[in-house]
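Numbering (the working numbering), first residue to last: 562 to 668.
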């Protein structure tokens with residue numbers, strides 16, 4: 562299991578143990594973390610699982626594919642460096658300790 566911390570826009574923290582093989586989005590959805598809507602169910606067809614990756618983790622994640630980068634154009638206030646779609650980040654033991662920050666809203 563990998564412990565992932567989801568930080569709501571208001572500062573509320575949710576530390577969740579997520580099984581390797583799931584996505585960061587599935588970990589949030591399956592544990593009722595508010596602010597991850599996941600309207601498309603993980604198909605990279607919306608931007609409602611958008612987060613800002615904590616600065617300490619940006620270079621430790623695989624780079625986003627072009628489909629994810631294109632979809633981030635539709636996210637709420639995307640950051641060119643920190644923004645990611647959680648449906649595109651597969652959990653591995655190496656992600657133990659990952660911290661993601663949720664935007665003010667999803668669109």
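Every residue, glycine too, gets a C-beta built ideally from N, C-alpha and C.
Under the three-pair Cβ rule at 8 angstroms, the stretch 579-586 does not count as touching the stretch 617-630. Less than 8 angstroms divides the Cβ of residue 660 from the Cβ of residue 566. A residue is called buried when at least 16 other Cβ atoms come within 10 angstroms of its Cβ; residue 668 does not meet this threshold and is exposed.
The Cβ-Cβ distance between residue 645 and residue 614 falls below 8 angstroms. With contacts defined as CB atoms closer than 8 angstroms, residue 649 and residue 605 qualify as a contacting pair.
For residue 608, the closest of 630, 578, 563, 579 by C-alpha to C-alpha distance is 630.
For the options 587, 563, 593, 597, the alpha carbon positioned closest to that of residue 666 is the one of 597.
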